[in-house]
Amino acid sequence: TVEVEARSLPMELSEKGGVQNNGFVQNEDFEDKETATSSQEETPKTCSVDVDPVAVEETVLKPYAGMPKEVLLQFSSQACYRVTREILFWLVIAGSMVLVCATIAIIALSPKCLDWWQAGPIYQIYPRSFKDSNMDGNGDLKGIQEKLDHITYLNIKTIWITSFFKSPLKDLGYGAEDFYDIDPIFGSMTDFENLIAAIHDKGLKVIMDLIPNHTSDKHRWFQLSRNRTGKYTDYYIWQDCRQAAGSVIPPNNWVSVFGNSSWQFDEVRKQCYFHQFGKEQPDLNFRNPAVQQEIRDIIKFWLGKGVDGFSFGTVKFLLEATHLRDEPPVNKSQNGENIRAYSQLYHDYTTTQVGLHDIIRSFRHTMNEFSREPGRYRFMGSDDDEKEDIEATMMYYGTTFIQEADFPFNFNLINMKNLSGNSIFEAVNSWMKNMPAGKWPNWAVGSPNAARISTRIGKEYINVMNMLLLTLPGTPVTYYGEEIGMENIASENVSEEHVDSGPVVATLPEKSPMQWDGRGNAGFTEGNSSWLPVNSNYESVNVEIQSSWSNSTLGLYRALTLLRSSELPLNRGWMCHVWSDSDVFVFVRELDGLHRAFMMVLNFGHQSTTDLQAVVPSLPSEAVIRLSTHFSNAGEVVNTKLIKTEMGEGLVLEYKTAKPVHTMEAFQGKCFVAEKACYSKALNLLYVNC
76 TVEVEARSLP MELSEKGGVQ NNGFVQNEDF EDKETATSSQ EETPKTCSVD VDPVAVEETV
136 LKPYAGMPKE VLLQFSSQAC YRVTREILFW LVIAGSMVLV CATIAIIALS PKCLDWWQAG
196 PIYQIYPRSF KDSNMDGNGD LKGIQEKLDH ITYLNIKTIW ITSFFKSPLK DLGYGAEDFY
256 DIDPIFGSMT DFENLIAAIH DKGLKVIMDL IPNHTSDKHR WFQLSRNRTG KYTDYYIWQD
316 CRQAAGSVIP PNNWVSVFGN SSWQFDEVRK QCYFHQFGKE QPDLNFRNPA VQQEIRDIIK
376 FWLGKGVDGF SFGTVKFLLE ATHLRDEPPV NKSQNGENIR AYSQLYHDYT TTQVGLHDII
436 RSFRHTMNEF SREPGRYRFM GSDDDEKEDI EATMMYYGTT FIQEADFPFN FNLINMKNLS
496 GNSIFEAVNS WMKNMPAGKW PNWAVGSPNA ARISTRIGKE YINVMNMLLL TLPGTPVTYY
556 GEEIGMENIA SENVSEEHVD SGPVVATLPE KSPMQWDGRG NAGFTEGNSS WLPVNSNYES
616 VNVEIQSSWS NSTLGLYRAL TLLRSSELPL NRGWMCHVWS DSDVFVFVRE LDGLHRAFMM
676 VLNFGHQSTT DLQAVVPSLP SEAVIRLSTH FSNAGEVVNT KLIKTEMGEG LVLEYKTAKP
736 VHTMEAFQGK CFVAEKACYS KALNLLYVNC
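My numbering puts the first residue of the sequence shown at 76, with every later residue one more than the last.
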């Protein structure tokens, strides 16, 4: 029952065990104000309620939507909610720690990513012979830009453009008249800047030649030096010459690369200047710090233009001995007065002198200043061919702690005196066994100064040489036209009307214009003639016609570059020499953790049958031909106990194995790896600790 008494003392609900609902409590400020203005007109009334204690005890408060903070806190402190909350909190913390640790572990265990100069082939272009854009018969920078789609079609990553500095061109551009300008025959600086932008827009990189050893005798520095003007007086190497019977007697017996004395008398200065190459190419004096700084400034200029790297040529000639002693003759019984050829002397005092590598390291330091931006590493190569001294070549890699070139260019495959499976093995093994640990190899089968493959060793070996080039570990370098099997032009076709006279004429046959199609002048120029004659076979050997043939040299080249980029073992795995004889060279490419391997069987001799299971007992009995120089054989299954190859045939065999060759004791010392990596099938990633 409820009893209401008008003047009885109030009883609070809480005293009766009731529940107070704050939602019905008036605002205290409002209540006080109303009380103050009422003048006590009314007497406060209280309400007494009798509540059944049993009924109240049965009332249980449950969570509800929109409950106030005070109620929420009552529930949050209960054990069932508190424990759940703490478990979730620590799970989040633990999960975050696992993610952080996993990220650190992946970064720590992941191998170094291949840089842009390692990831694909380099394509070397002699610009005067690549593509003419203005009908004057000379290839130019705009012509290169017009043909960038051909470069991307080949899956090439880097373009190497040979010298295009302003030059008299007597030496085919290798003696610069101005290191800061483009020769007008190739275009303008604007053309160069547009070319750089177009190359980068296609995701490609570009490196250029720089020959620091000498300049043209037309260079401003030389003109000032011969007149003994200021600091330029000692920019070149000058010595007094004796005169007898009306002839000049040089300071010593030093001979230039092109033959005859390397000293030339200058009528203006009345002294002899030194030249390691042609008399129009005086050597700079690199013992003068000002000369070294000039070259570093040139490097900075072109890197600032956007060039991604340099190939430094003839660097072994940068310094000469100051004592000027005669160099020892190869044949000690030979009369010194009869020595005229470069090969008749040991060049102990004119090449690879003490201090040379300090200069090269200074070039590297300058380039590193431009490599700090992520993704803009600047490549440095050295183009010196130490044919007889592989250890001297390897010094250009630098040391473990002091970097020089990313690699010296490798011409072992060009310098072979005869072709056979064994000679190929010797050329490959010589580089790999002498290369410092952790360094990156490279290979070339053509260059502007060597006869083309088809002329040097025969047409039948073009495809197998390209297969070798693109399956060896390291960076392959392709000279323009080798992807379609171009040949030298006949030397008798090179006449005075095509080029200035001089010793460089002998290097012209391999520089004939690129053969683009079957039209006049092979599509190289729309003009009436080209600076050198086009090879007479251009109607059947050109890019256009080979693009339409599935079994062409161009088609194989492109298939090989695609295979190389898509298969990890070919990209960065082990290389093991398996077998070589007078006919075949066999090697495998493998990757730790990956149970697929590739075996290359390349024939550089005559028809041959090879039992590979006898050499590698664990080899599966069958393998699949992934690629072949005979395209129709691709996809066939062959018996590894009986591998037949024709002259000039090459096979890329794919097979599965649980026991890689590089883990076998019998092949220790025959396997090499540059950037070691292991494959995890479970995580589908590479790691380093195998």
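Idealized CB from N, CA, C, for every residue including glycine.
Item                                                                                                               : Value
Three-way DSSP call (helix, strand, coil) for LYS719 in this model                                                 : strand
Helix, strand or coil at THR389 according to DSSP, with G and I counted as helix                                   : coil
From TYR632, ASN596, ALA519, residue whose alpha carbon lies closest to that of SER605                             : ASN596
DSSP bridge partner residues for GLU729 (one or two, in chain order)                                               : PHE673, VAL699
Three-state secondary structure (DSSP) of LEU760                                                                   : strand
Nearest candidate by alpha-carbon position, reference LEU702, set GLU501, LEU638, ALA689, LYS756                   : LEU638
CB contact flag (TYR399, PHE361, <8 Å)                                                                             : Residue identity check: residue 399 is Leu in the sequence provided, not Tyr. No, Cβ-Cβ distance for LEU399 and PHE361 is not below 8 Å.
ILE435 versus PRO259, GLY473, ILE257, residue with shortest Cα-Cα distance                                         : GLY473
Minimum length 3: unbroken beta strand (DSSP E) runs contained in the segment 474-522                              : 517-519
Buried versus exposed, by CB contacts within 10 Å (16 or more), ASP747                                             : It is worth fixing the name first, because residue 747 is Phe in this sequence and not Asp. Under this definition PHE747 is a buried residue.
Supposed contact pair PRO483 and SER457 - C-beta distance, whole angstroms, cut 8 Å                                : 5 Å
Nearest-angstrom Cα separation, counted from ILE620 out to TYR754                                                  : 41 Å
Pair within 8 Å by beta-carbon distance, GLU252 and HIS294                                                         : yes
Environment of GLY379 [buried if 16+ CB atoms lie within 10 Å]                                                     : exposed
Residue interval of the alpha helix (DSSP H) (run including ASP464)                                                : First-last for ASP464: undefined, no H or E at that position.
Exposure label - SER208; buried when at least 16 CB within 10 Å                                                    : buried
Check whether CYS651 and HIS737 have beta carbons under 8 Å apart                                                  : yes
Complete runs of the beta strand (DSSP E) confined to the segment 291-346 [at least 3 residues]                    : 317-319, 322-324, 338-341
Three-way DSSP call (helix, strand, coil) for SER755 in this model                                                 : strand
CB of PHE385 within 8 Å of CB of ILE282, strictly                                                                  : yes
Per-residue burial, ASP284 [other beta carbons within 10 Å of its own, 16 or more giving buried]                   : buried
Within 8 Å, strictly: CB atoms of ILE271 and GLY381                                                                : yes
Close-in-space but distant-in-sequence residues of the same chain around GLN478 (CB under 7 Å, 5 per side omitted) : ARG439
Alpha-carbon spacing of SER322 relative to GLN351, whole angstroms                                                 : 21 Å
Contact check, TRP515 vs ALA749, beta carbons under 8 Å                                                            : yes
Other residues of its chain near HIS670: CB distance less than 7 Å, five sequence neighbours each side excluded    : LYS731, THR732, ALA733
First through last residue of the alpha helix (DSSP H) which encompasses ILE373                                    : 364-379
Close beta carbons around LEU760, own chain, < 6 Å, minus the five adjacent residues each side                     : none
Rounded C-alpha distance that separates PRO138 from GLU145                                                         : 12 Å
Reference TYR644; option with closest CA among GLU585, GLN346, ARG664                                              : One point to set straight first is that residue 644 is Pro, not Tyr, in the sequence displayed. Out of GLU585, GLN346, ARG664, ARG664 has the C-alpha closest to the C-alpha of PRO644.
Touching by the beta-carbon criterion (3+ pairs, under 8 Å), the segment 588-603 and the segment 174-193           : no
Three-state class that DSSP yields for LYS277 in the structure shown                                               : coil
Residue span of the beta strand (DSSP E) that contains SER683, given as start and end                              : 683-685
Candidates ASN327, SER622, LYS719, TYR471, of which the one nearest GLU412 by Cα                                   : ASN327
Buried versus exposed call for ASN603 [16 or more other C-beta atoms within 10 Å across all chains shown]          : exposed
Cβ neighbour criterion (16 or more within 10 Å) applied to GLU117                                                  : At GLU117 the pLDDT is 46, less than 50, meaning the model places this residue with poor confidence; the figure from the coordinates comes in the next sentence. Exposed: under 16 other Cβ atoms inside 10 Å.
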